[in-house]
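Take any residue in the sequence shown, count from 1 to its spot, add 51: that is its number in our numbering.
Every residue, glycine too, gets a C-beta built ideally from N, C-alpha and C.
Everything numeric in this text was worked out from a predicted model, so none of it was measured.
Read through the structure below, which is laid out as structure tokens, and then see the notes.
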Amino acid sequence: MLTHTGDTLVITTLDRLGRSTQNMLAFAEELRGRGAGLRVLNLGGGDVDTATPMGSMLFTIMAALGQMEHEIKRERIVDSIAKRRDAGKDLGRRPRIITDRQILNARHLIERGETAAQVARDLGLSRATSYRREHALSPMPDQVAADDTLTIDDAI
52 MLTHTGDTLV ITTLDRLGRS TQNMLAFAEE LRGRGAGLRV LNLGGGDVDT ATPMGSMLFT
112 IMAALGQMEH EIKRERIVDS IAKRRDAGKD LGRRPRIITD RQILNARHLI ERGETAAQVA
172 RDLGLSRATS YRREHALSPM PDQVAADDTL TIDDAI
């Protein structure tokens, strides 16, 4: 740590320091042991300086409240995800719909010399997803009509 005796580490919000009370208090104690102070700008409407006994007490209380707030948020998120799953709702962003026609056109572009990476990027897909979708459109050997001749190129 780059602090020296007499230095004061200034942070804007307590949540930037850590998520658990124990970690925040250990960090503040380490600073105090080095002779440095910690100043949090937005605690309780005024500055809190851990170099003073009152500031240290306020810091401890606010760190505990910050951890509690974090845990409550986490519980709400977990509950919300569970409710959405139970209701059959999607989680995350809306799935991107790429039609089979777009995948076939992409295949033709690749056959004409475009790179697979560039074609996939143009479609807004990863190269792996592009390959997977193309493979899903390719007829499997048991889907080929009996009168068709399957070549090695078709199987690859």
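Using the rule of at least 16 other Cβ atoms within 10 Å of the residue's Cβ for burial, across every protein chain shown, is residue i buried or exposed?
{"i": "Q73", "result": "exposed"}
{"i": "T103", "result": "exposed"}
{"i": "I128", "result": "exposed"}
{"i": "T63", "result": "exposed"}
{"i": "G143", "result": "exposed"}
{"i": "S131", "result": "exposed"}
{"i": "A171", "result": "buried"}
{"i": "A168", "result": "exposed"}
{"i": "G139", "result": "exposed"}
{"i": "G164", "result": "exposed"}
{"i": "R67", "result": "exposed"}
Should residue i and residue j be called a contact, given that it needs their Cβ atoms to be closer than 8 Å?
{"i": "L19", "j": "T54", "result": "With the chain covering 52 to 207 only, the question about residue 19 has no answer from this structure."}
{"i": "R90", "j": "T59", "result": "yes"}
{"i": "D151", "j": "L188", "result": "yes"}
{"i": "T61", "j": "L109", "result": "As written in the sequence, residue 61 is Val, which differs from the Thr given in the question. Result no, Cβ atoms of V61 and L109 do not sit closer than 8 Å."}
{"i": "G175", "j": "R147", "result": "yes"}
{"i": "R184", "j": "I154", "result": "yes"}
{"i": "A87", "j": "T56", "result": "yes"}
{"i": "A79", "j": "T101", "result": "yes"}
{"i": "A115", "j": "L65", "result": "no"}
{"i": "R158", "j": "H121", "result": "no"}
Is residue i helix, strand or coil when you go by DSSP?
{"i": "G139", "result": "coil"}
{"i": "D100", "result": "strand"}
{"i": "T54", "result": "coil"}
{"i": "G175", "result": "coil"}
{"i": "L116", "result": "helix"}
{"i": "R85", "result": "coil"}
{"i": "S189", "result": "coil"}
DSSP has residue i in a bridge; who is on the other side?
{"i": "T72", "result": "T72 pairs with nothing; no bridge assigned."}
{"i": "R90", "result": "V61 and D100"}
With 8 Å set as the bound, which would you pick, yes or no: does the beta-carbon of residue i sit closer than that to a beta-carbon of chain D?
{"i": "G139", "result": "This model lacks chain D altogether, as it is built from one protein chain only."}
Complete runs of the alpha helix (DSSP H) confined to the stretch 121-169 [at least 4 residues] = Runs of the alpha helix (DSSP H) inside the stretch 121-169: 151-162.
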